[in-house]
Structure formats: C-alpha cells, structure tokens
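One structure below.
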Amino acid sequence: MTDTLFDKIIRREIPAQIVYEDADLVAFKDIHPAAPVHVLFVPRKSIATVNDLTNDDAALIGKLVLAASAYAKREGFAESGYRVVFNCNADGGQTVYHLHLHLLGGGPLRVGFG
Ligand code: AMP
152 MTDTLFDKII RREIPAQIVY EDADLVAFKD IHPAAPVHVL FVPRKSIATV NDLTNDDAAL
212 IGKLVLAASA YAKREGFAES GYRVVFNCNA DGGQTVYHLH LHLLGGGPLR VGFG
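At the far end of the sequence shown sits residue 265, using our numbering, and the numbering has no gaps.
Structure (structure tokens):
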C-alpha cells in the first residue's frame, strides 16, 4: 500500500484547509489554486488512479461528484459554472497518486483542454 501526501492530509498529519468531510471523502483547498476556487475531493479509500477503479467504486465516484456540486451550490457559483476534473497518470498531469477530483470555479475558466 502506498502512503501519499493525501493519505497524510486525511490522517491530519499534514495541515490542509479542509472544507468538507464525511465517512467516504475529505475535501480541501488546493495549495496552488488554478482558479478562484480550487478544491480537491479525495476518497478516504486509497485508490491510485482512475485506471485502478473497479465496479465496486462506482458509488464512491458518484459521491465525489455529488460532494463537488453540493460545494459549488453552497458557495454560490453552481449556476455560473465550474469544472470537475480527474487527472490520470503522467500524460494527464497527475502528480499525487491518490485519486482526487479537482473542482475549479468561482470565475470564468480558460476554455479548452490540453
Ligand atoms: P494532480 O496533479 O491532479 O495529481 O493534482 C495534485 C494537486 O495537489 C495539485 O493541484 C497540487 O497543487 C495539489 N497539492 C499538492 N500538495 C498539496 C498540499 N499539501 N495541500 C493541498 N494541495 C496540494
């Protein structure tokens, strides 16, 4: 089992600005925000990448997305819009190998990918 930076944040061994948590996930502010609001939704379960998901994780992924949209609604930018992203492996720009969903919003985002 790997022990990543995010495992340490979940265990409160490294500080983070936690904005939400429940039995399945922890959400905290990205330390290098790429948008006015940039929050990471991280399952407590250690899953390295999107490639490592199984059918058993389907509900968990749904919970990450629902937690992100609930946060956007709570913070008042759901209607103006936002982006949710999973980066996967090197070409996808993944740097922390504990699955996480990026929520980016709070203002207009650059259009396009790549
Ligand atoms: P990714 O590149 O998709 O693996 O995303 C990892 C994200 O974690 C990046 O956006 C980093 O800015 C963010 N990050 C790295 N270290 C920390 C930290 N200590 N607290 C909060 N976010 C972090």
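Each residue gets a CB set at the ideal place from its N, CA and C atoms; glycine is no exception.
Which class does residue i belong to by DSSP, given the choice of helix, strand or coil?
i           : result
residue 185 : coil
residue 171 : strand
residue 233 : strand
residue 201 : helix
residue 159 : helix
residue 214 : helix
Taking the alpha-carbon of residue i as reference, which of the options has the nearest alpha-carbon?
i           : options            : result
residue 230 : 209, 244, 256      : 256
residue 241 : 187, 214, 199      : 199
residue 192 : 203, 246, 236      : 236
residue 259 : 234, 248, 239, 265 : 234
residue 178 : 168, 185, 164, 224 : 168
residue 243 : 164, 182, 202      : 202
residue 212 : 251, 164, 165, 263 : 251
residue 182 : 247, 265, 264      : 247
residue 173 : 185, 214, 184      : 214
Round the Cβ separation of residue i and residue j to the nearest angstrom and send it over; I've been treating them as touching at under 8 Å.
i           : j           : result
residue 175 : residue 195 : 6 Å
residue 249 : residue 197 : 6 Å
residue 170 : residue 228 : Contact flag wrong, Cβ pair sits at about 14 Å.
residue 222 : residue 190 : 6 Å
Could I get the ranges of all uninterrupted alpha helix (DSSP H) runs contained in the region 216-260, with 4 residues as the minimum, in chain order? 240-243
Counting beta carbon pairs with one atom in the region 209-227 and one in the region 152-167, are three or more of them shorter than 8 Å? no
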